[in-house]
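I have placed the structure first, in the form of structure tokens, so that the comments after it can refer back to it.
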Amino acid sequence: MAKLSLFERRRRRVRTALRSVSGGKPRLSVHRTGKHIYAQIIDDAAGKTVAAASTLGAKGSGANVDAAKKVGSDIAAAAKKAGVTTVVFDRGGFLFHGRVKALADAAREGGLEF
Numbered sequence: 297m298a299k300l301s302l303f304e305r306r307r308r309r310v311r312t313a314l315r316s317v318s319g320g321k322p323r324l325s326v327h328r329t330g331k332h333i334y335a336q337i338i339d340d341a342a343g344k345t346v347a348a349a350s351t352l353g354a355k356g357s358g359a360n361v362d363a364a365k366k367v368g369s370d371i372a373a374a375a376k377k378a379g380v381t382t383v384v385f386d387r388g389g390f391l392f393h394g395r396v397k398a399l400a401d402a403a404r405e406g407g408l409e410f
């Protein structure tokens, strides 16, 4: 069996910690690639995606902090529309800085609590 990459080890560690802390709250999951950033709010109890936002349809680059801020405000608006106010933040295996932090800050400013 191959060793897990550092990213995969971080991702598993974060998810395990979230399960113990979440208390049934939906999870705001972030995924980042070289070209885009994606965010979705997932209700793990029901196994459903409640809201989602990304830079896929946006003009310009989706690989910068400004695009991440826009996705953060979009996911907060979609969450409000779906009736979600509190979530747990799942950064996956990504470090909490740069685009991931910008998305989280914009989501907080948009009204999400985590």
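If you count the sequence shown from 1, you need to add 296 to reach our numbering. Glycine included, every Cβ here is placed at the ideal spot set by N, Cα and C.
Output yes if chain D places a C-beta closer than 8 angstroms to the C-beta of A298; else output no.
In the displayed structure, chain D is absent; only one protein chain is listed.
Since A372 contacts G394 with CB under 8 angstroms, what's their CB separation in whole angstroms?
That pair is no contact at about 19 angstroms.
Locate the beta strand (DSSP E) running through S325, then write down its first and last residues.
Per DSSP, S325 belongs to the beta strand (DSSP E) from R323 to R328.
Cutting at 6 angstroms between CB atoms, please list the residues of its own chain near A363, excluding the five before and the five after it.
Closer than 6 angstroms at Cβ, skipping near neighbours: T351.
Which residue's Cα is closest to the Cα of H327: I337, S301, A341 and R315?
It is I337.
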